[in-house]
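These notes concern the structure reproduced below.
In the numbering used here, the protein residues as written are 46 to 619.
Dropping the structure here:
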């Protein structure tokens, strides 16, 4: 069992069938978490939607209307569509809800495993390389397995966030997606897109074989939903206003109307007024200072305008800071190492050197290493620790032996063994860690379902890995003294032990990103950004309906809400 586990960690290994099954289980939990967090306000009834089929290449389909996500999933798998379908409709009509629901249904059927992909922060990469990187970031699928599955079309792409891109990026993304699908006939995909975007940009999506256009709600559907929410007073208001009649036909706006105390006073005249009225009412329900909450939300909305729509606390890094504070961050990071190795470790020169080096290396620039330290399964972490430990022990003993043989005739054998052994142990451990994590950890598939999940796991696992290194270093320092008949700690005086302990503590905090993340949180908390107790504040915004929590991430209830509160943007007018 240990041999097979070690073999699976080596790069270039083909993924096992069990890996794809594990991914399916992870996606199931992720889709369920996203669906649970999708409604802005609690609802006892799911609004039924209708889907008009359009653009197919066979039969009498132009007037065909589907009345459930199950029939959409049937259409997706039908001959002629072959797993290439567009989901189109107006903003707020329920495209994401449909995408998630159909994805859950496809998971229960045979075929490629659906994976949820948000392209809102796509930066221009080829679709293949972006998919491989995203599968690692979102699902912890190692590079080898991701490459294999993408090349063989074993995943159905559930693509959301396309409307969030700039127009020029939308054209480029459509082109790279079409290129991927053209080059791989087995590739299946569901893409959410506003029909107005397709028409205005002249996008044809030739590689998709059809689409469904989500039909806005009928008056009876609006009435039924309003009454199911115990708001009989609201239906006459909607019925008596032409503006509200149109707004209520979209599920997003209907839920906002239901959540508002009295949308009739003063009368609403546009979609933008509805969005801003909702924001004002919800901010008034928050505890504390509404102006401070608005400032924090405004900052977050601005940040998410050029980042993924879903925000994870684990993703906070130096680049979230304004330019001036990025310099302060590097200074504090370096000073932290200086303090650990100086006053605590007893070696200020070494602390200065390490602090200068550590402050210039951004661990977030190495995503496979950083997130590889956050694998959840204890078995994988223990295997990593044993592998790195064995490499450290082997190289430490080997290098120490060579040094002892070379310097033994000069009376430096024992000292040379210990010092060279420490260097070898550090080199072997670091080399093993880099070799095993540079392409991701096989068989460690997981989704981010809990806030701060990566931070907690990385700290736990880094502690274990560094503890193994500490044991190996202790062996190479104690063993030569024992063999030569000296006291066990003859080569490990208090000063050296103190320095080693400080170095190991620094390694845990730096490798796990715990120190860097804490500094970013601290610097953000002092500028009306996300408060220091970020999770508590985010959860409070979710409670009042200003944000959503989707799994382990947070986001605005809809792009219209984010635009309405972001500086210089008008939410309801797009």
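For every residue, glycine included, the Cβ atom is placed at its ideal position computed from N, Cα and C.
- Per DSSP, residue 357 is not a residue of any beta strand (DSSP E), being assigned neither H nor E.
- With contacts defined as CB atoms closer than 8 Å, residue 208 and residue 144 fail to qualify as a contacting pair.
- According to the DSSP assignment, residue 515 belongs to the alpha helix (DSSP H) that extends over 498-528.
- Spatial neighbours of residue 595 in its own chain (CB-CB distance under 8 Å, excluding positions within 5 residues in sequence) are listed in chain order as 78, 79, 82, 83 and 355.
- The beta carbon of residue 459 sits closer than 6 Å to the beta carbons of 525 and 529 from its chain, once the five residues preceding and following it are set aside; these are given in chain order.
- When secondary structure is reduced to three states using DSSP, residue 130 falls in the strand class.
- In the DSSP assignment, residue 260 forms a beta bridge with 95.
- In the structure shown, residue 470 falls within a helical segment according to DSSP collapsed to helix, strand and coil.
- For residue 234, the uninterrupted beta strand (DSSP E) run begins and ends at 233-238, by DSSP.
- A direct Cα-Cα distance of roughly 50 Å separates residue 478 from residue 301.
- Less than 8 Å separates the beta-carbon of residue 321 from that of residue 609.
- Going by DSSP, residue 196 is part of the alpha helix (DSSP H) stretching over 188-196.
- Around the Cβ of residue 154, a 10 Å sphere holds fewer than 16 other Cβ atoms; the residue is exposed.
- Beta-bridge annotation (DSSP): residue 201 is paired with 159 and 233.
- Inclusion of residue 137 and residue 349 in the CB contact set at 8 Å is not warranted, their separation being larger than that value.
- For residue 71, the secondary structure class from DSSP, reduced to helix, strand or coil, is helix.
- In the three-state reduction of the DSSP assignment, residue 216 falls in the helix class, which pools H, G and I.
- Inter-segment contact for the segment 209-223 and the segment 448-462 is absent: fewer than three beta-carbon pairs are separated by less than 8 Å.
- Listed as beta-bridge partners of residue 110 by DSSP are 97.
- Contact between residue 357 and residue 568 fails: their C-beta atoms lie close to 18 Å from each other, not under 8 Å.
- Residue range 368-384 is occupied by the alpha helix (DSSP H) that includes residue 369.
- Sorting 467, 91, 511 and 236 by C-alpha distance to the C-alpha of residue 113 places 91 at the top.
- Annotation for residue 169: 217 place their beta carbon closer than 7 Å to its own, counting only its chain and skipping 5 residues before and after.
- Going by beta carbons, residue 470 and residue 402 fall outside the 8 Å limit.
- Under the three-state reduction of DSSP, residue 600 is assigned to strand.
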